[in-house]
Structure formats: structure tokens, C-alpha cells
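When we follow the working numbering, the leftmost residue of the sequence shown carries the number 1, and every step to the right adds one.
C-beta atoms are modelled at their ideal positions from N, C-alpha and C, and glycine is treated no differently.
Just so we're clear, the structure is a prediction, and the values are computed from it rather than from any experiment.
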Amino acid sequence: MRKLLKSFKTEINPTSEQKVKINKTIGTCRYIYNLYLSHNKTLYDKGEKFMSGKSFSVWINNEYITNNPDKGWIKEVSSKSVKKSIEDGYIAFKRFFKNQSGFPKFKKKGKSDVKMYFVKNNPTDCRCERHRINIPTLGWVRLKEKGYIPTSKDGWVIKSGTVSIKAGRYYVSVLIEVPDTEIADNSNEGIGIDLGLKDFAIVSNGKTYKNINKSARLKKLEKQLYREQRCLSCKYENLKKGGVTQRANIQKQKLKVQKLHQKMENIRADYINRTIAEIVKTKPSYITIEDLNVKGMMKNRHLSKAVASQKFYEFRTKLKNKCDENGIELRVVDRMYPSSKLCHCCGAIKKDLKLSDRIYKCDCGYMADRDYNASLNLRDAITYTIA
1 MRKLLKSFKT EINPTSEQKV KINKTIGTCR YIYNLYLSHN KTLYDKGEKF
51 MSGKSFSVWI NNEYITNNPD KGWIKEVSSK SVKKSIEDGY IAFKRFFKNQ
101 SGFPKFKKKG KSDVKMYFVK NNPTDCRCER HRINIPTLGW VRLKEKGYIP
151 TSKDGWVIKS GTVSIKAGRY YVSVLIEVPD TEIADNSNEG IGIDLGLKDF
201 AIVSNGKTYK NINKSARLKK LEKQLYREQR CLSCKYENLK KGGVTQRANI
251 QKQKLKVQKL HQKMENIRAD YINRTIAEIV KTKPSYITIE DLNVKGMMKN
301 RHLSKAVASQ KFYEFRTKLK NKCDENGIEL RVVDRMYPSS KLCHCCGAIK
351 KDLKLSDRIY KCDCGYMADR DYNASLNLRD AITYTIA
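Structural data, given as C-alpha cells:
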């Protein structure tokens, strides 16, 4: 049976010594990544050949640390983490050379998502029990969510993982090999899902999932975030003017802002997870979604904030993973498909349909909510690609 890797992410509760090791490793990885970018930039300015990840790793160990004894702290952290940061930089350059992305950006302290990488080297590494996990160079680390990660006693093997920090909290993410699920032989009807801003998701079976960002809970957090951000901005302004505001107070205020951002992100992610779980529980034979041009939608300054908060890309990624687990076929319709303008009854296309027209009215007498009409058209779409 074919195998696939599944990711499990949960919060951990490391000791003070383990926190120091994690912070030190992440700081070193950030430094090495930035050094790899700046070194290749220097070589380019001199007209010399580009240095690959492997060559740079050899150069670091044999020349850079030897010529700079004060940089010996690089070898005090996990070598696997350091090599992974070099590999990430090499991949970023490869994407740049293929015109798939812009020039790699330097990672800023406290702002970039840098992680501590670890891999299973021997049988005693990466073992997991109900309440703790064994991480190389850290030892046993307690889990806050007990029983979420499959344990080693049940035969599950952790291949690799990362430790990350966000808003002062520590997380571990592990990759575990699980058996692949074949496409299920479901006799249930397929469904179409139309994503939007007014409502988050409209399903062809009649179910509508509201926009969580319009809830009172998130609106209250947004107001609180606005106040805390304004307070942080005032502290920075006082510091520029030579005020008495201490940098320690600024760090405390930054942490408050980060925690609010994290709380709002967790609420949205939880809503997406529950929505997908409820949709997949109906066990449809297939699910059809539209290939949204999110990048183009973000260029509209009036809608960019609403589009970003809906997290369409995260929804599609998690839906794909959930469909793979349950053997459901995920179909993706081209973004040029006129799902909203097409009449589900007679097949006519209403070219003059405006975004403000929330009810679809056709000359044949058909009338329905425009988003529900779009979900029906997505369900019955003939041309599509399988994700």
C-alpha cells in the first residue's frame, strides 16, 4: 500500500533550559540563512560563480568558522537545523532563478517564521508518548494537548519535525507516515462549494457557512487589537523623541499585539477546520471548488482585508488533505468558468450580472441566491482538474 506523510502540530511546554536551546538554535538558523543570501550576493557582485547549498556548508565548516573564531557558537546547535536553513536558502534561490518568486528576502529577528528542524537519526529519536515527545538535542518535552500525536507504542513512526515560536508560545510539528486511502466508492451525490465574502462557503446541498469575521467575538478582538497597536505606536514615537519609554516595555506591548493576532488566527483556523469536517462527514462522491484568483482579489484595496481574513488558500489546502484522507475526489474548476453568471436551469449566461446583484434572476423565470446558483453550477461542471 502506498504511504503518505501527515503533519501533526500541537503546543509544547518546554523547560527554561529547553527554551534557551530552542531560541539559540532558531537564532543560529536565521543567521546562517541570511549569511547564505549575503554571501551569494557578494559573489554575484564580484562576477564569481553561484555557491550551492552543499558547497556553502563545506565553506562554513572549513573556512568561515576557522577564519572567524568568534563564530564558534554556530557548531553549538543541531547541525541538522543549520543544514536545513541552508537548504531552504538554496530552494529560495532556485525558485528565483526559475522566475517562480522574487529575490529571497533576509529574515528579520522576531518577525520571520524561522523554525528548529529535527530528523530521526536512530531508533531512540523522535519517540512520542501520550503526554511527551522526545526531540533530538532537547530530550523529552511535555505536550500541552495530550494524546493528539499518535504514539510510538502503536507503531507510528515520526520521520521529521520542526519546533517554532509564535507570540511567546512554543509549537512542535511532526511528519508521520500513514497509509494512503484509495478513492472511496460512494454512491452519494457530489457537492459544489462557492466561497465568498458575504458568507464564507455556500454548499450545493443548501448548507451555508457564515462569515466568522462578522461575529461579535472577532469584532471585539479587532477593536482591542486596534487599541493595543495604537499604544505600541505611541511607545515607538516616544522612543524616537527621546522619551523615557523603555525597550522592555515595547517588547511587552509587542507581545500583547502578537497574542491578539494569534488568538484571531486560531479562531479563524478552528472555524475552517470545523467547516471542512462537517462537509466531509456527508461523504460526497466528489467535491468541486473554484480556482480563485486570490492574488488578483488582494489588489483591490477595498476588499483586500476581507479577502485576507477569509483564508481561502488555507481552506483549499486543508480541504485537499481531508479529501485525501477520506478517499474523496477534489475537483477544481478553472477561474474563468462563469459559475455565478450561468443559469442552472436553462444554461444561459447573464453577462450584465453585477457584484451587487445578490439574487440571480433569469429570463426563463429561474430565481435563486447568486451564491447558491454558483454552487450548483460548480457541482455540475463538466470541465475540471483533479487536485
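Proximity below 9 Å, CB of residue i to CB of residue j
i      : j      : result
Asn13  : Leu143 : yes
Tyr33  : Val114 : yes
Ile165 : Ile22  : yes
Gly192 : Ala381 : yes
Tyr36  : Gly53  : yes
Cys128 : Thr151 : yes
Tyr170 : Glu11  : yes
Thr383 : Tyr337 : yes
Thr137 : Ser78  : yes
Cys29  : Lys84  : yes
Lys263 : Leu232 : no
Ser7   : Val174 : yes
Gly27  : Lys109 : yes
Cys346 : Asn373 : no
Asn213 : Ser285 : no
Asn121 : Lys159 : no
Ala368 : Gln258 : no
Ile86  : Ile74  : no
Gly155 : Asp371 : no
Residue i versus the options, residue with shortest Cα-Cα distance
i      : options                        : result
Ile339 : Gly168, Asp194, Ile86          : For the sequence presented, residue 339 should be read as Ser rather than Ile. Answer by Cα proximity: Asp194.
Ala248 : Lys341, Tyr209, Pro150, Lys235 : Lys235
Gly190 : Ala348, Tyr226, Val203         : Val203
Lys41  : Glu265, Thr275, Glu222, Phe106 : Phe106
Thr25  : Met116, Met367, Asn373         : Met116
Asn211 : Arg268, Lys351, Ile386, Trp73  : Arg268
Lys256 : Glu228, Asn266, Ile158         : Glu228
Asp324 : Lys153, Lys283, Glu237, Lys46  : Lys283
Ile149 : Ile176, Lys281, Asn238         : Ile176
Arg358 : Glu237, Asp199, Phe50          : Asp199
Ile279 : Val157, Phe93, Glu48, Asn326   : Asn326
Lys153 : Ile133, Gly139, Glu145, Gly161 : Ile133
Asn273 : Gln224, Tyr209, Arg335         : Tyr209
Phe56  : Gly47, Glu76, Asp88, Asp70     : Asp88
Lys146 : His131, Val157, Trp156         : His131
Pro123 : Val157, Thr317, Arg230         : Val157
Phe315 : Arg301, Asn300, Ala277, Gln224 : Ala277
Leu376 : Ala201, Asn238, Lys311, Ala92  : Ala201
Ile328 : Lys281, Leu218, Lys351, Glu237 : Lys281
Where the alpha helix (DSSP H) through residue i begins and ends
i      : result
Leu138 : Segment: none, Leu138 is in no alpha helix (DSSP H) and carries neither H nor E.
Asp324 : 312 to 326
Whole-Å CB distance - residue i paired with residue j, under 8 Å assumed
i      : j      : result
Val388 : Gln18  : Any answer about residue 388 is impossible in this case: the structure gives the chain only from 1 up to 387.
Val307 : Leu378 : That pair is no contact at about 19 Å.
Leu353 : Lys341 : 5 Å
Val178 : Val172 : About 18 Å; that fails the 8 Å criterion.
Val294 : Tyr313 : 6 Å
Asp363 : Ala387 : With a Cβ gap of about 35 Å, Asp363 and Ala387 do not count as contacting.
Leu319 : Leu303 : Leu319 to Leu303, Cβ: 22 Å. No contact.
Leu260 : Leu292 : About 28 Å separates the two Cβ atoms, so there is no contact after all.
Arg335 : Glu290 : 6 Å
Limits of the unbroken beta strand (DSSP E) element including residue i
i      : result
Met367 : 367 to 369
Phe118 : 116 to 119
Arg331 : 329 to 333
Tyr384 : Tyr384 -> no beta strand (DSSP E), and no H or E assigned at all.
Thr162 : 158 to 166
Leu195 : 191 to 195
Lys295 : That residue, Lys295, is in no beta strand (DSSP E); its alpha helix (DSSP H) goes 294 to 297.
Glu290 : 286 to 290
Thr199 : Per the sequence shown, residue 199 should be read as Asp rather than Thr. Run containing Asp199: 199 to 203, per the beta strand (DSSP E) assignment.
Lys361 : 359 to 361
Tyr209 : 208 to 210
Within-9 Å CB hit, residue i to chain B
i      : result
Asn273 : Considering every chain present, this structure includes no chain B. It has just one protein chain.
For the segment 32 to 80, which segments carrying the alpha helix (DSSP H) assignment without a break, of at least 4 residues, lie completely within its bounds, in sequence order? 53 to 59
Which runs of the alpha helix (DSSP H) spanning at least 4 residues fall entirely within the segment 237 to 280, listed in chain order? none
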